[in-house]
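Right, one structure below, let's go through it.
Residue numbers (full-length UniProt numbering): 1 to 252.
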């Protein structure tokens, strides 16, 4: 019985690429503690790998999906909390850009479906959620799909964005740093982010606490250009002081 369950857990994780412990507990109708013991056995056999908040497949044939799904389950509750706070910044008639990312993708989960909005995005997940809104005008940018980030990129995205006037931009980042600002690791997306920051009036950065005081490959904007940092806990002292000096709102 146990051996069969562990085999089925491994197969389930490989199919999903990454899952939370709660998902496993509910799916197999066993306790969290039982799931933890089963996962520890699979980890020992090098069948799966633990990540913050869950577990992911080590099957490299699904590496693109694993990359996104693993990031999605890390700090998943914190990211939903940030999405809920960001959603409170939306009002009827707004023209907004919602960035691709495992945090920003949650914003529309907390928006009334009758709220009239114009949403611009290159995120597949935001597109799918926006399609459920009756009063939403949706503009999709980019002509090439990038699996690792579930986003659309391309030269056409630059051209379209440069024509648009954006009221509010809700941005993601892989690092937020006083010196290097807002950073990102994807070259093709960095240009899109830079254009959005230039074209938007109000800029909201939506990042969980794991991104604080980190800097990755490419800077797409200085930190002082944002009007609000939306996160899940109080900022580190140096970023908090910087935000205070530059009149940046902090929400958590």
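Every residue gets a Cβ at the ideal spot worked out from N, C-alpha and C, and that includes glycine.
The structure presented is a predicted model; accordingly, all values stated were derived computationally and were not measured.
In the three-state scheme derived from DSSP, where H, G and I count as helix and E and B as strand, residue 202 is classed as strand. Counting along the chain, residue 134 sits inside no beta strand (DSSP E), nor does DSSP assign it H or E at all. Only exposed fits residue 91, as fewer than 16 other CB atoms lie within 10 angstroms of its CB.
Under the DSSP assignment, residue 58 falls outside any alpha helix (DSSP H); it carries neither an H nor an E label. Sequence-distant Cβ neighbours of residue 144 in its own chain, meaning closer than 7 Å and more than five residues away, are 152, 153 and 154.
Residue environment: residue 10 is assigned as buried (16 or more neighbouring CB atoms within 10 Å of its CB, all protein chains considered). With distances taken between CA atoms, residue 18 lies nearest to 51 out of 30, 159, 37 and 51. C-alpha of residue 14 to C-alpha of residue 98: approximately 30 Å in a straight line.
Going by DSSP, residue 161 is part of the alpha helix (DSSP H) stretching over 155–161. With a threshold of 16 other beta carbon atoms within 10 Å, residue 232 meets it and is buried. Just measuring C-alpha positions, the residue of 102, 235 and 170 sitting nearest residue 119 is 170. In this structure residue 122 is buried. Its beta-carbon is surrounded by 16 or more other beta-carbon atoms within 10 angstroms. Residue 8 sits exposed, since fewer than 16 C-beta atoms from the chains shown fall within 10 Å of its C-beta.
Taking 8 Å as the cut-off, the Cβ atoms of residue 208 and residue 47 do not count as close. DSSP places residue 34 in the uninterrupted alpha helix (DSSP H) bounded by 32–44. In the pairwise beta carbon analysis, the stretch 129–142 is classified as not touching the stretch 231–247: fewer than three pairs are separated by under 8 Å. Taking all protein chains in view, the Cβ of residue 38 is crowded by 16 or more other Cβ atoms within 10 Å, so the residue is classified as buried.
The C-beta distance from residue 200 to residue 166 rounds to 4 Å, short enough to fall under 8 Å. Within the stretch 79–124, the complete beta strand (DSSP E) segments of 3 residues or longer fall at 95–98 and 117–121, listed in chain order.
In this structure, residue 35 keeps its C-beta atom at 8 Å or more from the C-beta atom of residue 45. Counting every other CB atom within 10 Å of its CB across the protein chains shown gives residue 187 a total below 16, marking it as exposed. Residue 159 and residue 116 have their C-alpha atoms some 25 Å from each other.
Listed in chain order, the non-local C-beta contacts of residue 181 below 7 Å within the same chain comprise 219, 221, 222 and 223, local neighbours out to five positions each way being set aside.
Within the same chain, Cβ atoms closer than 7 Å to the Cβ of residue 85 are found at 230 and 251, the five residues on either side in sequence being excluded. Here residue 174 is buried: its Cβ has 16 or more other Cβ atoms, across all protein chains shown, within 10 Å. Taking the Cα positions, residue 164 is about 49 Å away from residue 43.
Residue 142 has no beta-bridge partner at all, per DSSP.
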